[in-house]
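Take a look at the structure set out below.
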Amino acid sequence: MSKPKLAIYWAASCGGCDIAILDIEGKILDVAAAFDLALWPCAADFKKKDVEAMPEQSIDLCLFNGGIRSSENLEMAKLLRSRSKVLVAFGSCAQEGGIPGLANLFTHDELFARAYRDTPSTDNAGAVLPLLSSKVPEGELELPAIEPMLKTLDQVVDVDYYVPGCPPQPTQIWAVMETIIQGKPLPPKGSVVGAGDKTCCEECPRTREEKKIRHFRRPFEFFPEPTQCLLDQGIVCMGPATRSGCGGLCVAVGVPCRGCYGPPAGVRDQSAKMVSALASVIDSQDPDEIDAIIAEIADPVGTFNRFSLASSMFKRAGS
Amino acid sequence: MKTITIDPITRLEGHGKIDIFLTDEGDVAQTYLQIPELRGFEKFCEGRPVEELPRIMTRICGVCPEAHHMASAKATDAVYHVDPPPAAKKLRELLYSAFFAGDHTTHFYALGGPDFVVGPTAPAAERNILGVIAKVGLEAGKRVIQQRAGAQEVVKILGGKAIHPVTSVPGGVTKGLTEQERQRIETLAKQFVEFAQFTLDVFDKIVLGNKEYVDLILGDVYNHKLYSMGTVDAQGKVNFYEGTIRVVDQVGKEFLAFQAKDYLQHLAEHVEPWSYLKFPFLKKVGWKGLVDGPDSGIYRATPLSRLNASSGMATPKAQAAYERMYATLGGKPVHATLATHWARVIESMYAAERTLELATDPEITSTDIRRMPTETPTEGVGCVEAPRGTLYHHYETDEKGMVRKVNLIVGTTNNHAAIALSVRTAAQKLIHKGVEATDGILNMVEMAFRAYDPCFGCATHALGQMPLEVRIRDAAGTVVQVFRQ
């Protein structure tokens with residue numbers, strides 16, 4: 001009997017998801033034994049045309065990481081959807097846009113102007129910008145289009161499962177792989193797998209008191225007490241609005257959670273969840289004072305939506 | 320005009336495509352290396368609190384997040400005018416040295432090495448890590464996996480996460496080292512040194528022991544006389560974490576020596592409409608197009624250029640290997656692009672020895688690891704040697720430390736023009752009238768960029784990785800042959 005086929009692909013991502021898969025170390029041999037590889041650009045020599053030549057639904061499992069930033073990313077997402085039985089949005093970027101989704105705060109023209117015209121090291125008196133098609137003496141050269149907004153995978157194709165994390169932790173990746181290798185029943189379509197169903201706070205090694213916050217402070221403004229909840233100490237920590245699953249790695253080494261495991265079970269919008277969590281812990285009844293305390297939060301959108309802006313209910317005006 | 324297109328090119332990090340245009344006679348008229356991605360980090364970091372940037376910039380690249388974390392943290396130190404305590408700098412450098420030892424190993428065995436260990440024109444299906452393991456033995460393959468795992472473990476101990484570390488903040492680090500953790504790192508560091516020696520021996524036996532390879536390295540297919548850039552310490556030795564940026568000319572004479580904060584006086588970037596990636600050059604010489612020699616501002620920032628720009632290595636085993644390389648290749652500087660592979664394994668020895676030095680430094684378990692910023696934030700540049708070249712992060716903030724402007728020159732970007740030049744020359748020398756552009760020949764064209772270990776994802780702050788493609792077009796511009804791997 002032939003082995004099930006596995007495809008791993010990267011779109012607008014950093015490559016960290018692929019490295020995380022390698023970080024399951026020796027178990028990668030078990031994965032190699034259980035599957036036939038159909039595509040994995042960072043590690044194997046399969047071509048796009050090989051995938052195009054496959055019948056529909058001939059790939060049993062496709063782990064797709066990265067958001068959809070370019071016309072090329074979109075084309076690959078559609079191709080892999082049609083060829084895959086099970087398509088997984090793997091990692092923060094595919095699931096919710098990830099950090100590159102913060103680009104949705106700006107327009108396409110603003111991104112280009114900064115990169116190719118306004119940066120101080122750029123020497124571009126002719127105001128040249130990259131073009132989809134350019135004439136050179138020998139012929140014509142083409143570039144894929146950078147789309148106006150970064151999209152999540154499920155905004156462009158149907159997705160079966162989500163594996164959160166930036167990157168997903170190797171133990172979680174292995175847990176998912178093992179389920180499939182052992183042929184255990186799969187959860188309902190649309191489920192988040194490879195993560196917990198509580199919040200990051202449940203995994204945090206720090207001690208929580210009843211929260212009464214009178215001031216928000218930035219992480220570099222003081223030495224936080226090493227065993228106490230960071231939010232209790234006035235540092236904005238995304239723990240209450242973030243799904244469990246990483247094991248509390250950042251908070252354990254003294255830095256606040258930034259929400260890479262996405263919203264907890266049952267929550268549609270991570271930033272809305274965070275706003276409601278903070279609203280209940282500000283220690284004041286005076287509206288002016290409350291406003292002043294809230295104003296101490298530096299960059300709410302870039303913090304509450306650090307990884308989830310592209311999937312948020314909040315959209316750029318005009319989009 | 321007939322065109323050969325390699326799309327996607329492979330065994331590198333990131334996207335890229337090479338177009339080779341042929342004359343009617345079948346010689347190479349021109350080549351273009353195109354980089355098709357942009358993510359816009361320089362724009363979307365505006366408005367973020369600057370202390371968050373060491374945690375945001377890591378997402379430029381999941382292969383070398385450590386480099387971006389360090390350069391970014393150093394830029395935030397500079398923005399806040401705060402100098403971290405000595406132990407904090409050592410902890411950062413310890414993390415960074417272990418990372419280097421792992422990263423260079425991955426390149427040698429999985430990306431660049433297969434061309435030598437398995438052979439430049441070996442069947443495509445064997446030119447990969449498995450082919451390397453088949454050649455050097457399963458035991459050695461296991462050691463490669465162990466070495467990578469060990470490096471990731473050190474990064475996790477010190478950085479909190481093995482991928483995208485989080486502990487470097489303005490003024491220092493948030494996590495120190497316990498004695499138990501220190502001992503573990505010392506044990507691993509000893510293994511790194513043994514492994515680096517093993518790798519140097521593999522290089523010696525398989526590459527230097529083969530006259531064909533030595534001729535290939537020294538021949539004119541892969542050779543360009545360019546300026547060499549690298550960071551050196553006060554003694555002129557290679558340093559990855561900090562020092563003076565030194566540029567030497569085509570005969571090895573010092574051409575520039577500057578501090579990272581002054582980079583804009585010395586470097587500028589040229590834009591072409593057919594690529595999303597810019598072309599840096601030395602301002603003092605100027606952009607003269609894709610040509611080599613002293614009148615062209617094109618430079619390299621690679622393991623080889625770092626060695627060229629230095630007076631040696633700061634650790635004994637690496638220094639011995641350094642001397643041997645220059646003695647074998649006819650003295651300094653070396654311009655043979657493929658010798659970059661040798662320089663990389665010499666650097667992996669330095670990284671291993673430096674990891675061990677720092678792991679046994681009496682100050683490394685100090686608890687004085689963080690200084691609170693007290694001054695008003697303004698502007699700052701942070702710079703490290705990334706595995707793939709000198710990495711500059713430049714931030715400007717308002718008085719509250721909210722980011723106003725960001726500029727980045729990333730490791731691979733430095734080498735964009737040199738890579739384009741190397742690919743063109745290799746294509747011109749290898750593809751002629753009457754010579755069929757076989758997979759093996761085209762792989763030898765790809766070897767010209769692979770020596771740089773390019774990360775085009777990093778370079779475009781873009782990653783959306785699809786390996787490169789080569790297309791061959793006829794005189795009418797029609798694509799007649801496409802190679803992807």
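Sequences listed follow chains C and B, in order.
Each residue of the first sequence is one higher than the one before, starting from 1 at the first, in the numbering used here.
Each residue of the second sequence is one higher than the one before, starting from 320 at the first, in the numbering used here.
All residues carry an ideal CB built from backbone N, CA and C; glycine is no exception.
Legend entry - Span of the alpha helix (DSSP H), counted from its first residue to its last, around B/Ala392: Within the second sequence, the letter at position 73 stands for residue 392 of chain B. 384-398 is the extent of the alpha helix (DSSP H) around B/Ala392.
Inset, instruction - Give, in chain order, every residue of the stretch 6-20 of chain C whose Cβ lies closer than 8 Å to some Cβ of chain B. - result: Taken in chain order, the members of the stretch 6-20 of chain C whose beta-carbon sits within less than 8 Å of a beta-carbon on chain B are Trp10, Ala11, Ala12, Ser13, Cys14, Gly15, Gly16, Cys17, Asp18, Ile19, Ala20.
Inset, instruction - Could you say which of B/Gly612, B/Val742, B/Thr695, B/Tyr428 lies nearest to B/Val455 if we only look at CA atoms? - result: For the purposes of this step, residue 455 of chain B is identified with residue 136 of the second sequence, where counting begins at 1. Cα-wise, what sits closest to B/Val455 is B/Tyr428.
Legend entry - CA nearest to the CA of C/Glu210, picked from C/Ala277, C/Asp30, C/Glu178, C/Ile99: The sequence position of residue 210 of chain C within the first sequence is 210, counting from 1. Per the Cα distances, C/Ala277.
Inset, instruction - Starting from the beta carbon of C/Thr119, find every residue of chain B whose beta carbon is closer than 7 Å, and list them in chain order. - result: What you label residue 119 of chain C is simply residue 119 of the first sequence in a count that begins at 1. Within 7 Å Cβ-Cβ: Glu361, Asn726.
Inset, instruction - Using only the heavy atoms of the ligand MG, determine whether one of them is closer than 8 Å to the beta carbon of C/Thr107. - result: Within the structure as shown, the ligand MG is missing, as the structure has no ligands at all.
Inset, instruction - Please name the residue in B/Thr679, B/Met691, B/Ser547 whose C-alpha comes closest to that of B/Pro404. - result: If you number the second sequence from 1, residue 404 of chain B lands on position 85. Of B/Thr679, B/Met691, B/Ser547, the residue nearest in Cα terms is B/Met691.
Legend entry - Cutoff 9 Å: B/Ala781 Cβ touching any chain C Cβ: As a first step, residue 781 of chain B must be located in the second sequence, where it is residue number 462. Residue confidence is low: B/Ala781 scores 33 on pLDDT, short of 50, so the model does not pin down where it sits. Its coordinate-derived value is still stated next. Yes - at least one Cβ of chain C is within 9 Å of the one on B/Ala781.
Legend entry - Close Cβ partners of C/Val159 (< 6 Å) along its chain, the five nearest in sequence each way excluded: Start at 1 with the first residue of the first sequence, and residue 159 of chain C comes out as number 159. Cβ within range, chain order: Leu87, Ala89, Leu153.
Legend entry - Top-ranked residue by Cα proximity to B/Leu414, from B/Ile375, B/Leu496, B/Ile339: For the purposes of this step, residue 414 of chain B is identified with residue 95 of the second sequence, where counting begins at 1. Residue B/Leu496 is the option with its Cα nearest to B/Leu414.
Inset, instruction - Pair every Cβ in the stretch 242-249 of chain C with every Cβ in the stretch 158-172 of chain C, then say whether three or more of these pairs are closer than 8 Å. - result: With the cut-off at 8 Å, the stretch 242-249 of chain C and the stretch 158-172 of chain C touch.
Inset, instruction - Give the interface partners of B/Ala348 over in chain C, defined as CB-CB distance under 9 Å, in chain order. - result: As a first step, residue 348 of chain B must be located in the second sequence, where it is residue number 29. The contacting residues are Pro137, Glu138.
Legend entry - CA-to-CA distance, C/Glu140 to B/Val347, given in whole angstroms: For the purposes of this step, residue 347 of chain B is taken as the residue at position 28 of the second sequence. For the purposes of this step, residue 140 of chain C is taken as the residue at position 140 of the first sequence. So the alpha carbons of these two residues sit roughly 16 Å apart.
Inset, instruction - Locate the alpha helix (DSSP H) running through C/Leu6, then write down its first and last residues. - result: One-based indexing of the first sequence puts residue 6 of chain C at position 6. Premise fails: C/Leu6 lies in the beta strand (DSSP E), 5-10, not in any alpha helix (DSSP H).
Inset, instruction - Taking a Cβ distance cut-off of 7 Å, strictly less, list which residues of the stretch 372-400 of chain B are near chain C, in chain order. - result: Arg374, Ile375, Arg378, Ile379, Cys380, Gly381, Val382, Pro384
Legend entry - Proximal residues of chain B, C-beta to C-beta of C/Ser191 below 9 Å: The residue given as residue 191 of chain C occupies position 191 in the first sequence. Going along chain B, no residue has its Cβ under 9 Å from C/Ser191, so there is no contact; the nearest lies around 24 Å.
Legend entry - Rounded separation between B/Gly616 and B/Asn734 - CA only: Your numbering for residue 616 of chain B matches position 297 in the second sequence. Your numbering for residue 734 of chain B matches position 415 in the second sequence. So the alpha carbons of these two residues sit roughly 12 Å apart.
Inset, instruction - Verify the CB distance criterion: does B/Lys719 have a CB-CB separation below 9 Å to chain C? - result: Position 400 of the second sequence, counted from the first residue, corresponds to residue 719 of chain B. Yes, B/Lys719 lies at the interface with chain C (some Cβ there is under 9 Å from its Cβ).
Inset, instruction - Could you list the residues in the stretch 474-495 of chain B with a C-beta less than 7 Å from some C-beta on chain C, going in chain order? - result: Gly479, Lys480, Ala481, Ile482, His483, Val485, Thr486, Val488, Pro489, Gly490, Thr493, Lys494
Inset, instruction - Report the neighbours of B/Met320 on chain C: residues whose CB is nearer than 8 Å to its CB, in chain order. - result: Here the question's residue 320 of chain B lines up with position 1 in the second sequence. Neighbours of B/Met320 on chain C, chain order: Glu138, Gly139.
Inset, instruction - Could I get the ranges of all uninterrupted alpha helix (DSSP H) runs contained in the stretch 433-500 of chain B, with 4 residues as the minimum, in chain order? - result: 433-436, 448-455, 457-478
Inset, instruction - Can you check the stretch 335-388 of chain B for any alpha helix (DSSP H) of at least 4 residues that lies completely inside it and give the ranges in chain order? - result: 360-363, 372-375
Legend entry - Residues bridged to B/His751 (per DSSP): Working through the second sequence from its first residue, we reach residue 751 of chain B at position 432. BP columns for B/His751 are empty, so no partner.
Inset, instruction - Grab the span of the alpha helix (DSSP H) containing B/Glu588 for me, first residue to last. - result: Within the second sequence, the letter at position 269 stands for residue 588 of chain B. Not the alpha helix (DSSP H): B/Glu588 falls in the beta strand (DSSP E), residues 586-589.
Inset, instruction - Out of B/Ala470, B/Thr518, B/Val369, point me to the one whose CA is closest to C/Glu25's CA. - result: Walking along the first sequence from the start, residue 25 of chain C turns up at place 25. Closest in C-alpha terms to C/Glu25, from the list B/Ala470, B/Thr518, B/Val369, comes B/Ala470.
Inset, instruction - Could you check what DSSP says for B/Ala781 in three-state terms: helix, strand or coil? - result: For the purposes of this step, residue 781 of chain B is taken as residue 462 along the second sequence, with counting starting at 1. Any answer about B/Ala781 is weak, because its pLDDT of 33 lies below 50 and its placement is not dependable; what the coordinates show is given next. Three-state result, B/Ala781: coil.
Legend entry - Where C/Ala310 falls: helix, strand or coil (DSSP): For the purposes of this step, residue 310 of chain C is taken as the residue at position 310 of the first sequence. C/Ala310 falls in the helix class under three-state DSSP.
Legend entry - Neighbour list for C/Asp30 in chain B, Cβ cutoff strictly below 9 Å: Taking the first sequence and counting its residues from 1, the one referred to as residue 30 of chain C is at position 30. Residues of chain B passing the Cβ test: none, with the nearest at roughly 13 Å.
Inset, instruction - Taking B/Cys383 as the reference, give the member of B/Ser547, B/Ala397, B/Asp422 with the closest Cα. - result: Stepping through the second sequence from its first residue, residue 383 of chain B is reached at position 64. Considering only alpha carbons, the answer is B/Asp422.
Inset, instruction - Take every Cβ of the stretch 555-572 of chain B, pair it with every Cβ of the stretch 619-633 of chain B, and state whether three or more of those distances are shorter than 8 Å. - result: yes
Legend entry - C/Ile59 beta carbon less than 9 Å from that of C/Leu74: Numbered from 1 along the first sequence, position 74 holds the residue referred to as residue 74 of chain C. Numbered from 1 along the first sequence, position 59 holds the residue referred to as residue 59 of chain C. Not closer than 9 Å, so no.
Legend entry - Supposed close pair C/Ala34, C/Ser84 - CB separation, criterion 8 Å: Position 34 of the first sequence holds residue 34 of chain C. Position 84 of the first sequence holds residue 84 of chain C. That pair is no contact at about 17 Å.
Inset, instruction - Go ahead and pull the three-state DSSP assignment for C/Cys204. - result: Counting from one through the first sequence, the residue named residue 204 of chain C turns up at place 204. Three-state result, C/Cys204: coil.
Legend entry - Buried versus exposed, by CB contacts within 10 Å (16 or more), B/Glu458: Numbered from its first residue, the second sequence carries residue 458 of chain B at position 139. Exposed, by the Cβ-count rule.
Inset, instruction - Return the chain-ordered list of same chain residues with a C-beta closer than 8 Å to the C-beta of C/Met238, the five sequence neighbours on each side being excluded. - result: Walking along the first sequence from the start, residue 238 of chain C turns up at place 238. Once the five neighbours on either side are set aside, the close Cβ partners of C/Met238 are Cys200, Pro256, Cys257, Arg258, Gly259, Gln270, Met274, Thr303, Phe304, Arg306.
Legend entry - C-beta neighbour in chain C for B/Met632, strict 9 Å: The count along the second sequence starts at 1 and reaches residue 632 of chain B at position 313. B/Met632 does not count as touching chain C.
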